[in-house]
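In what follows, a structure is listed as structure tokens, so that the remarks can point back to it.
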Amino acid sequence: MHSPDPLNPAAPRPAQAVRRGETSESRGRTRLSQALGPLSRFRRDHWLLASVLASVSTLLVLTAPGFAGASLQPAERGRQIVELELPALLPGSEEAARIEAEVAARQGPDEANWRLVSVRPGQTMGAIFAEQGLPARTLHRLLEQPGARDPLTRFRPGTEFAFDISGEGELRALRFDRDEATRVVLHVDDSGIREEKLERELQRRIQMVSGSITASLSEATSRAGMSTATMLEMAKVFGYDIDFAQDLRVGDEFHVVYEDVYRDGERLRGGDILAATFVNRGKSYHVFRYTFADGKTEYFDAEGRPMQKSFLRTPVDFARISSRFTASRKHPVLGTMRAHRGVDYAAPTGTPIRAAGNGRIRFAGWQGGYGRTVIIDHGQGITTLYAHLSRFGPHKTGARVTQGSTIGFVGASGLATGPHLHYEFRVHGVHRDPLTVTLPKPEPLPRSELARFRQQTQPMLARLEVLAAGGQARASL
Ligand SMILES: [Zn+2]
0 MHSPDPLNPA APRPAQAVRR GETSESRGRT RLSQALGPLS RFRRDHWLLA
50 SVLASVSTLL VLTAPGFAGA SLQPAERGRQ IVELELPALL PGSEEAARIE
100 AEVAARQGPD EANWRLVSVR PGQTMGAIFA EQGLPARTLH RLLEQPGARD
150 PLTRFRPGTE FAFDISGEGE LRALRFDRDE ATRVVLHVDD SGIREEKLER
200 ELQRRIQMVS GSITASLSEA TSRAGMSTAT MLEMAKVFGY DIDFAQDLRV
250 GDEFHVVYED VYRDGERLRG GDILAATFVN RGKSYHVFRY TFADGKTEYF
300 DAEGRPMQKS FLRTPVDFAR ISSRFTASRK HPVLGTMRAH RGVDYAAPTG
350 TPIRAAGNGR IRFAGWQGGY GRTVIIDHGQ GITTLYAHLS RFGPHKTGAR
400 VTQGSTIGFV GASGLATGPH LHYEFRVHGV HRDPLTVTLP KPEPLPRSEL
450 ARFRQQTQPM LARLEVLAAG GQARASL
């Protein structure tokens with residue numbers, strides 16, 4: 000495919016040139032890691048954490064007792080209230096059916112006799128009904144109940160449903176959790192289906208931690224008692240202002256006020272940051288979580304400006320800059336002097352690349368030395384370009400993308416010495432350095448909202464001040 004871009008590099012050169020390029024590239028890499036000293040180690044940590052946790056963070060928080068315990072005070076560690084359920088019996092076994100029937104008979108017809116089912120990977124509700132010996136027509140009746148279709152058809156492995164089945168093998172009730180605070184029981188009889196809602200009380204506990212970086216961020220946060228999920232959340236909320244892969248230094252400090260959610264005395268989840276301060280290379284950044292009247296939440300700085308900017312700081316998480324924007328440099332492959340009008344991020348092949356901002360895919364295809372390339376048009380004359388992809392994301396040319404959505408994966412297609420993302424930022428067709436380009440600051444909250452914002456965030460600000468004054472102090476309120 001021929002590109003309309005005049006800056007598109009020339010056609011590929013012989014293999015020797017490529018090898019020469021490799022040497023200069025890897026030398027560059029060594030220099031960089033030497034310059035960064037002790038911090039280069041946690042870049043790798045980070046990467047691992049980011050890639051693993053991106054997919055399983057929820058699961059970890061919900062299941063790993065280590066994470067759950069980490070933010071608790073020692074005295075509270077052992078306290079857990081576990082709801083006792085009749086264990087699920089082996090499906091289909093005659094013995095199981097006999098015991099179930101006997102239990103049901105003993106309890107009398109009015110007592111619910113819950114049989115707990117945990118969804119296995121790939122299992123559908125139809126399969127679960129079949130396994131329980133229930134007819135498909137019962138499931139169809141349930142699906143017609145308003146609000147029941149989603150919870151009964153869209154669920155993850157591990158989701159729990161409880162069945163109350165009569166001695167005659169008829170479904171009397173089905174129980175599930177609509178959300179973390181609402182348990183629903185659908186009672187079934189000949190006359191119809193009746194929904195019963197059980198509200199479960201959630202307790203929110205505010206945690207406060209402080210720490211400073213001596214070796215790595217993950218080490219500092221875990222020393223402070225912060226869970227990995229909360230650490231990643233912190234990296235996300237400050238991510239527009241601080242590049243957690245490039246900018247951190249020994250001596251950087253953080254003070255975080257966050258919330259853990261408990262249900263029935265058990266820690267359900269954690270990680271929602273209410274307010275935080277991050278001191279990076281002597282400069283303080285503040286963030287406050289604000290809930291609008293309609294329940295929507297967003298993060299703002301102390302002036303009430305949204306933390307979320309029009310463009311991401313980096314389109315690849317926890318990647319390392321391997322080449323900066325320069326007016327002239329020796330091209331690693333071609334060996335000639337030429338400008339490098341973008342930033343290279345070294346990252347393993349397959350690392351997701353995220354749209355830097357909202358926009359429309361202008362181009363997704365092969366573009367000479369750029370290899371697999373995506374260009375996004377963000378409007379107002381701004382375009383971003385992503386080159387050397389190993390493969391594309393799900394979007395075709397012309398599709399709308401939102402900031403942060405995956406548009407492709409890091410690779411080494413075209414003229415590249417190793418897997419990296421070549422990223423360009425253009426304003427009205429002129430290349431700008433993505434690391435330094437200044438864009439207009441987002442507008443702060445309107446005056447009417449700002450008063451409410453101040454009122455809501457004031458107690459959090461006070462806590463941050465206490466934390467900052469106390470240094471390493473840590474408390475649970
Ligand atoms: Zn490049």
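Residue numbers (numbering that gives the first Met the number 0): 0 to 476.
Note that the Cβ used here is the ideal one computed from N, Cα and C, for glycine as well.
With H, G and I counted as helix, E and B as strand and the rest as coil, what does DSSP make of residue i?
{"i": "Y239", "result": "coil"}
{"i": "H254", "result": "strand"}
{"i": "P305", "result": "strand"}
{"i": "P150", "result": "helix"}
{"i": "E169", "result": "coil"}
{"i": "T350", "result": "coil"}
{"i": "S217", "result": "helix"}
{"i": "I127", "result": "helix"}
{"i": "M225", "result": "coil"}
{"i": "M191", "result": "The question names Met, but residue 191 is Gly in the sequence shown. The answer is strand: DSSP assigns G191 an E or B state."}
{"i": "T290", "result": "strand"}
{"i": "L311", "result": "coil"}
{"i": "V260", "result": "strand"}
{"i": "T137", "result": "helix"}
With a threshold of 16 other CB atoms inside 10 Å of the CB of residue i, please say whether the residue is buried or exposed.
{"i": "E195", "result": "exposed"}
{"i": "V255", "result": "buried"}
{"i": "F243", "result": "buried"}
{"i": "F277", "result": "buried"}
{"i": "G238", "result": "buried"}
{"i": "D316", "result": "buried"}
{"i": "G250", "result": "exposed"}
{"i": "G269", "result": "buried"}
{"i": "F291", "result": "exposed"}
Can you list, in chain order, the residues of its chain whose CB lies under 6 Å from that of residue i, leaving out five sequence neighbours each side?
{"i": "F128", "result": "L138"}
{"i": "K282", "result": "none"}
{"i": "A301", "result": "H285"}
{"i": "A274", "result": "V256, F287, M459 and L463"}
{"i": "S165", "result": "R171"}
So does residue i have its beta carbon nearer than 7 Å to some heavy atom of ligand 1?
{"i": "S412", "result": "no"}
{"i": "H339", "result": "yes"}
{"i": "H377", "result": "no"}
{"i": "S322", "result": "yes"}
{"i": "D343", "result": "yes"}
{"i": "H421", "result": "yes"}
Excluding the 5 residues flanking residue i on each side, which residues of the same chain have their C-beta closer than 7 Å to its C-beta?
{"i": "P156", "result": "V118, R119 and P120"}
{"i": "E198", "result": "A180 and T181"}
{"i": "F408", "result": "G349, T350, P351, I352, L388, S389 and R390"}
{"i": "H394", "result": "I360, A363, V400 and I406"}
{"i": "R340", "result": "L6, F324, E423 and H430"}
Residues in its own chain within less than 8 Å of residue i by CB, not counting five upstream and five downstream?
{"i": "G210", "result": "A219, T220, R222, A223, M225, E252, F253 and Q471"}
{"i": "T22", "result": "Since pLDDT at T22 reaches only 34, below the 50 mark, its modelled position is unreliable, and the value read off the structure follows with that caveat. Result list for T22: empty, nothing under 8 Å."}
{"i": "K440", "result": "R304"}
{"i": "D163", "result": "A111, N112, W113, R114, L170, R171, A172, L173 and R174"}
**Prompt:** Residue ranges of each beta strand (DSSP E) run of no fewer than 3 residues wholly in the segment 387-462, ordered along the chain?
**Reply:** Those beta strand (DSSP E) runs which fall completely within the segment 387-462 and span 3+ residues are 405-408, 419-426 and 429-431.
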